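As structure tokens, the structure follows; a few thoughts come after it.
There are 2 protein chains.
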Amino acid sequence: MRASELDLIDAFLAPFGLDRSSASAPSILSGPGDDCAVVRPSRGLSLVVKTDAVVEGVHFSMPPFTPEDVGHKALAVNLSDLAAAGARPRWFVCALGVPKSASAAKTAARMGRGMARLAQIHGCALVGGNVTRAPGWTLTLCVFGEAKRARGRTGARPGDALVVAGTLGAAAKGLADLRRGSRTAAARAQLRPEPRLADGLAAGSLPSASIDVSDGLLRDLGHLCASSACGAEVEVDALPVAQGASLDDALSGGEDYALLFAVPRNREPRLLARLPSARRIGRFTEGRGIRLLQAGRPRRLPRRLGFDHLA
Amino acid sequence: MRASELDLIDAFLAPFGLDRSSASAPSILSGPGDDCAVVRPSRGLSLVVKTDAVVEGVHFSMPPFTPEDVGHKALAVNLSDLAAAGARPRWFVCALGVPKSASAAKTAARMGRGMARLAQIHGCALVGGNVTRAPGWTLTLCVFGEAKRARGRTGARPGDALVVAGTLGAAAKGLADLRRGSRTAAARAQLRPEPRLADGLAAGSLPSASIDVSDGLLRDLGHLCASSACGAEVEVDALPVAQGASLDDALSGGEDYALLFAVPRNREPRLLARLPSARRIGRFTEGRGIRLLQAGRPRRLPRRLGFDHLA
Numbered sequence: 011m012r013a014s015e016l017d018l019i020d021a022f023l024a025p026f027g028l029d030r031s032s033a034s035a036p037s038i039l040s041g042p043g044d045d046c047a048v049v050r051p052s053r054g055l056s057l058v059v060k061t062d063a064v065v066e067g068v069h070f071s072m073p074p075f076t077p078e079d080v081g082h083k084a085l086a087v088n089l090s091d092l093a094a095a096g097a098r099p100r101w102f103v104c105a106l107g108v109p110k111s112a113s114a115a116k117t118a119a120r121m122g123r124g125m126a127r128l129a130q131i132h133g134c135a136l137v138g139g140n141v142t143r144a145p146g147w148t149l150t151l152c153v154f155g156e157a158k159r160a161r162g163r164t165g166a167r168p169g170d171a172l173v174v175a176g177t178l179g180a181a182a183k184g185l186a187d188l189r190r191g192s193r194t195a196a197a198r199a200q201l202r203p204e205p206r207l208a209d210g211l212a213a214g215s216l217p218s219a220s221i222d223v224s225d226g227l228l229r230d231l232g233h234l235c236a237s238s239a240c241g242a243e244v245e246v247d248a249l250p251v252a253q254g255a256s257l258d259d260a261l262s263g264g265e266d267y268a269l270l271f272a273v274p275r276n277r278e279p280r281l282l283a284r285l286p287s288a289r290r291i292g293r294f295t296e297g298r299g300i301r302l303l304q305a306g307r308p309r310r311l312p313r314r315l316g317f318d319h320l321a
Numbered sequence: 011m012r013a014s015e016l017d018l019i020d021a022f023l024a025p026f027g028l029d030r031s032s033a034s035a036p037s038i039l040s041g042p043g044d045d046c047a048v049v050r051p052s053r054g055l056s057l058v059v060k061t062d063a064v065v066e067g068v069h070f071s072m073p074p075f076t077p078e079d080v081g082h083k084a085l086a087v088n089l090s091d092l093a094a095a096g097a098r099p100r101w102f103v104c105a106l107g108v109p110k111s112a113s114a115a116k117t118a119a120r121m122g123r124g125m126a127r128l129a130q131i132h133g134c135a136l137v138g139g140n141v142t143r144a145p146g147w148t149l150t151l152c153v154f155g156e157a158k159r160a161r162g163r164t165g166a167r168p169g170d171a172l173v174v175a176g177t178l179g180a181a182a183k184g185l186a187d188l189r190r191g192s193r194t195a196a197a198r199a200q201l202r203p204e205p206r207l208a209d210g211l212a213a214g215s216l217p218s219a220s221i222d223v224s225d226g227l228l229r230d231l232g233h234l235c236a237s238s239a240c241g242a243e244v245e246v247d248a249l250p251v252a253q254g255a256s257l258d259d260a261l262s263g264g265e266d267y268a269l270l271f272a273v274p275r276n277r278e279p280r281l282l283a284r285l286p287s288a289r290r291i292g293r294f295t296e297g298r299g300i301r302l303l304q305a306g307r308p309r310r311l312p313r314r315l316g317f318d319h320l321a
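Sequence lines, in order, name chains A and B. Convert by adding 10 to the 1-based position in the first sequence; the result is the number in our numbering. Convert by adding 10 to the 1-based position in the second sequence; the result is the number in our numbering.
Laid out in structure tokens, this is it:
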């Protein structure tokens, strides 16, 4: 009995090349295995913090998700917010909720494998965590990035261009594909979303505001507009709809982890030059609310605007 | 439907005097309501990070816990680790898992109330969080403190005195009392543990290592010994057993959030002078393992050593 918690921690840490006595980098004074992680922030930079959770039965089921997919996605959804903020990932902690299961340590090891691979790609070090019993698998991460000046939702101005980096709708199509038992390319967008950290850093201080598309384009754009006290017009023909996805998938689907930017018109060309995958899909306006335009004419908003986490 | 997530967030934030557009202090550049929290760490200090979760049905049930108790305890268990590290609390984020319930927003408001009170006492500001659907209430916090030199589990040396600040056994007795429907003083120790932050700061750099007693004296002392590669002797007659608690409660009960210190003998008098509630309960030894002594003679260890989070 006594070993089970520590066994599971050891299994989870192994893919990171860590054990309970590791503190692996100069900026990490104390890592997993102590009660607190101790890190050394960079002088003059702000600390950018994001916490997000993925819950079995709510955000994923296994199958179709493999444990590696779950580990990847739990970190990806957090890193995506650092990308929107323009922060460079540094460290993260991972609180695991673990259901009763004979194979829990093995599952944790596989989740660790998926998470460690993504963490390594983006130079984000696991520095601590927690393990507790829970009704189902729950992965609640808190990631720390650094930025000279972090971007947020506030700051878009009427007249700013609305720019998106990445495609829209693939994750929603992928979810539908998976429900039909079909592992398409879109399914991969749902299982293993890639946070757009390079785009987020490359954008630098050009955007006036940004947000990632986690809950659907219209809903996240709505958040950005509400925080910035302005409205927006979206040209639906300009949307980078993913192959095979519908317009509704692109407008309301969520989980695409594309980045939305508000950018003053005089900086738009520089932003588009820095982000080859980005394109202009509309503009910010006076007043409130989002309007869709098609061929210059208003188009009705879809009934479902996006994902409410408690709906 | 759409409003429910934001309604719940608003209800939870209100007791903190916050709303979704707040950034309330000079060190907080972006607070709740943006996707990332942005804070400004103090120059020259280390960042001390702790994440811990409390899960309905695992760590608490309501009743006997009130939502205020749950909110208090979720923050207290995290702050206790900062106390052990000797860190000063600064900021925290709170990820809520919310079950389907017509009264969820009201419960969240009451949890916020209990949490906000403790946060204010210790000067720890809520800067962000997350809300998701979950099978039961889950509060996963990540707290950030700062310290010039954080203490950890590593560093105890054979010959160091073993010192405890706070009493032992009350929380275990309180849990038994609550199961009998009796709201005793000990029950309060279980429902509303007080993190010993003042003790943790006052101890300064005198201790060579420290840990808080969350999983039981013997188990947490075991962690400290394992990390420091030494053993320990505990004089059971010296233990500060809480009123009405048994020796087993004190040795293995857990959740007391007392602080254990290893301190070189020549610094022990200064540590005891700084912490009036502290007392010496044993010493660290060569080799491995924990021995109990009573009137100078070995005493058998209890069968149950403490709390395994997956047992």
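Yeah, the Cβ is synthetic: ideal placement off N, Cα and C, and Gly gets one too. Fair warning: this is a prediction, and the values are worked out from it, not measured in the lab.
- Going by C-alpha positions, A248 of chain A is about 8 Å away from R289 of chain A.
- For D91 of chain A, the nearest CB of chain B lies under 8 Å from its own CB, placing it at the interface with that chain.
- Here R313 of chain B is exposed: its Cβ has fewer than 16 other Cβ atoms, across all protein chains shown, within 10 Å.
- Taking a Cβ-Cβ cut-off of 7 Å, the neighbours of H319 of chain A in chain B comprise E15, V141, T142 and R143, given in sequence order.
- The count of Cβ pairs closer than 8 Å, one atom from the region 91 to 101 of chain B and one from the region 140 to 155 of chain B, reaches three, so the stretches are in contact.
- Proximity to G139 of chain A across A:L28, A:D187, A:V174 and A:Q200 peaks at A:L28, based on C-alpha coordinates.
- Q130 of chain B is classed as exposed because its beta carbon has fewer than 16 other beta carbons within 10 Å across all chains shown.
- Selection B:T142, B:R123 and B:D230 evaluated against I221 of chain B yields B:D230 as nearest (Cα-Cα).
- Contact check for A47 of chain A against V64 of chain A fails: the beta carbons are separated by 8 Å or more.
- D79 of chain B and L303 of chain A have their C-alpha atoms roughly 51 Å apart.
- Taking a Cβ-Cβ cut-off of 7 Å, the neighbours of P51 of chain B in chain A comprise P51 and L57, given in sequence order.
- At the C-beta level, A105 of chain A and T142 of chain B stay beyond 8 Å of one another.
- In this structure, F102 of chain B and L128 of chain B do not form a Cβ contact; the two beta carbons are roughly 11 Å apart against a cut-off of 8 Å.
- Within 7 Å of the CB of K60 of chain B, the CB atoms of chain A belong to D45 and C46, in sequence order along the chain.
- Setting aside the 5 residues that flank it on each side, N88 of chain A is surrounded in the same chain by K60, D62, L151 and V153, each with a C-beta closer than 6 Å to its C-beta; the list follows chain order.
- Boundaries for E243 of chain B: no alpha helix (DSSP H) harbours it, while the beta strand (DSSP E) harbouring it runs G241 to E245, taken from the DSSP string.
- The Cβ-Cβ distance between G241 of chain A and A182 of chain A does not fall below 8 Å.
- With a cutoff of 8 Å on beta-carbon distance, E278 of chain A and S224 of chain A are scored as not near each other.
- For the pair R206 of chain A and L172 of chain A, the Cα-to-Cα distance works out to about 17 Å.
- Residue-level contact check: T117 of chain B does not touch chain A, since none of the beta carbons of chain A fall below 8 Å from its beta carbon.
- In the three-state reduction of the DSSP assignment, A166 of chain B falls in the coil class, being assigned neither a helical nor a strand state.
- Contact with chain A is absent for V173 of chain B, since none of that chain's Cβ atoms lies less than 8 Å from the residue's Cβ.
- Closer than 8 Å to the CB of I38 of chain A there is not a single CB belonging to chain B.
- Counting every other CB atom within 10 Å of its CB across the protein chains shown gives A260 of chain A a total of 16 or more, marking it as buried.
- What C152 of chain A touches in chain B, judged by beta-carbon distance under 7 Å, is T61, V103 and C152, going in chain order.
- For R289 of chain B, the enclosing beta strand (DSSP E) begins and ends at A288 to T295.
- Annotation: L227 of chain A has no Cβ neighbours in chain B at a cutoff of 8 Å; minimum Cβ distance is about 15 Å.
- The C-beta of I131 of chain B comes no closer than 8 Å to any C-beta of chain A.
- A305 of chain B is classed as exposed because its beta carbon has fewer than 16 other beta carbons within 10 Å across all chains shown.
- Burial is judged here by how many other beta carbons sit within 10 angstroms of a residue's own beta carbon; S113 of chain B has fewer than 16 and is exposed.
- In the DSSP assignment, K60 of chain A falls within the beta strand (DSSP E) that extends over S56 to V65.
- In this structure, T164 of chain B lies away from S56 of chain B, with their beta-carbon atoms at least 8 Å apart.
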